[in-house]
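> Residue numbers 0 to 283, in numbering that gives the first Met the number 0, belong to the letters of the sequence shown in order. I am attaching a structure below and will ask some questions about it afterwards.
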Amino acid sequence: MLKQRVITAVIMLIILGAAMLAPVRWPLLAIFVVMSSLACWEWERLSLSLEQQRWAWPLALLNGALMLWLSVYWYDTGPQGQAADLVYRALVPLVAALWVLGATGLVLQGQASQRAQGVLLSVMGVLAPLVAWASLYLFLHTQGIIYVLSLLVLIWVADIAAYFAGRAFGKAKLAPRVSPGKTWAGAIGGMVAAALWMVISANWPGSFAADVLQRGGWVATAALGVALAALSIVGDLFESLLKRRAAVKDSSQLLPGHGGVYDRIDALLPVAPVALLLSGTWLF
């Protein structure tokens with residue numbers, strides 16, 4: 000299992016890295032279209048009732064069509080104009096609010112005994128992956144690859160630190176009804192590590208933290224690291240809630256050794272739109 004997991008991770012990193020370094024943007028946009036639609040399909044399979052499962056693929060295709068529309072538009076014009084305004088000025092704040100208020104509320108409620116249903120949850124399953132990938136593309140197009148990588152590393156650092164801090168010091172459970180393995184020690188460790196990463200990476204020109212530092216100072220930079228790490232935990236717990244309600248271990252088996260696409264990006268989905276709202280990119 001570990002060997003399979005490592006091989007899959009290496010292949011994914013090579014493909015994504017090659018697309019990000021390519022002299023043209025269409026390979027990366029193509030990856031974003033596929034990843035967004037697959038994550039949407041997995042989300043809908045977890046959230047829809049068994050009688051509604053037939054809608055998972057149509058909703059995923061809708062997500063892919065919206066992402067493809069944005070990709071084609073942006074490939075020719077860049078992230079500006081009417082198409083960008085739709086995502087940039089309307090959907091990003093909406094999805095960010097749904098994560099901060101709606102998803103956090105559901106996680107705190109911790110109702111894991113029945114499968115999730117509801118129109119709003121299904122709509123969010125379409126919009127959340129779309130806005131996350133669109134946010135990353137906007138960052139890449141306007142700020143560059145260092146900016147995007149530094150934000151992704153923030154999520155990875157928080158996740159790794161949370162794992163080891165939880166293993167070493169974890170006793171008090173963070174959300175036992177949703178994810179019994181998560182502890183307060185792990186959450187605090189992840190947030191501290193994220194704050195440290197923000198402070199360290201702020202010294203590198205072109206990074207996400209350097210952008211925040213320029214506009215907000217050191218305290219705001221570290222505090223934002225804490226906030227985004229907390230949001231990444233919400234994203235992780237929210238998917239755990241959906242999976243527990245659906246009585247499954249993984250969102251799918253599309254990625255050998257890793258589960259599904261949603262399993263790999265659950266922390267990214269809430270972080271990307273909120274980071275976009277709080278970045279200099281939002282001001283262009």
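Just so you know, even glycine gets a beta-carbon here, dropped at the ideal spot from N, CA and C.
#1: Taking the beta carbon of Arg166 as the centre, do at least 16 other beta carbons fall within 10 Å, making it buried, or is it exposed?
#2: Closest to Val191 by C-alpha separation, out of Pro175, Arg214, Ala201, Leu223, would be which residue?
#3: Mapping the DSSP letters down to three states, classify Pro179 as helix, strand or coil.
#4: Of all the alpha helix (DSSP H) runs that stay within the bounds of the stretch 101–186, which reach a length of 4 or more residues?
#5: Can you give the Cα-Cα distance for Thr7 and Asp262, rounded to whole angstroms?
#6: Can Ala38 and Ile30 be called in contact, C-beta distance under 7 Å?
#7: Apart from the five residues on each side of it in sequence, which residues of its chain come closer than 7 Å, Cβ to Cβ, to Ser121?
#8: How far does the alpha helix (DSSP H) with Gly215 in it reach, from first residue to last?
#9: Would you call the stretch 191–204 and the stretch 167–175 touching, i.e. three or more CB-CB distances under 8 Å?
#10: Do Leu61 and Val125 have their C-beta atoms closer together than 7 Å?
#11: According to DSSP, which residues form a beta bridge with Leu254?
Reading off the structure:
#1: As a position in the sequence shown, residue 166 is number 167, starting the count at 1. Its Cβ having fewer than 16 others within 10 Å, Arg166 is exposed.
#2: Here the question's residue 191 lines up with position 192 in the sequence shown. It is Leu223.
#3: Within the sequence shown, the letter at position 180 stands for residue 179. In the structure shown, Pro179 sits in a strand (DSSP, three-state: E or B).
#4: 103–108, 118–142, 144–168
#5: Here the question's residue 7 lines up with position 8 in the sequence shown. Here the question's residue 262 lines up with position 263 in the sequence shown. Near 14 Å, if we compare the C-alpha coordinates of Asp262 and Thr7.
#6: Stepping through the sequence shown from its first residue, residue 38 is reached at position 39. Stepping through the sequence shown from its first residue, residue 30 is reached at position 31. No.
#7: Numbered from 1 along the sequence shown, position 122 holds the residue referred to as residue 121. Once the five neighbours on either side are set aside, the close Cβ partners of Ser121 are Glu43, Ser46, Leu47, Leu58.
#8: As a working mapping, residue 215 is identified with position 216 in the sequence shown. From DSSP, the alpha helix (DSSP H) with Gly215 extends over 207–245.
#9: no
#10: Residue 61 sits at position 62 when you count from the first residue of the sequence shown. Residue 125 sits at position 126 when you count from the first residue of the sequence shown. Result yes, Cβ atoms of Leu61 and Val125 sit closer than 7 Å.
#11: The residue you call residue 254 lines up with position 255 of the sequence shown. Answer is Gly258, bridged to Leu254.
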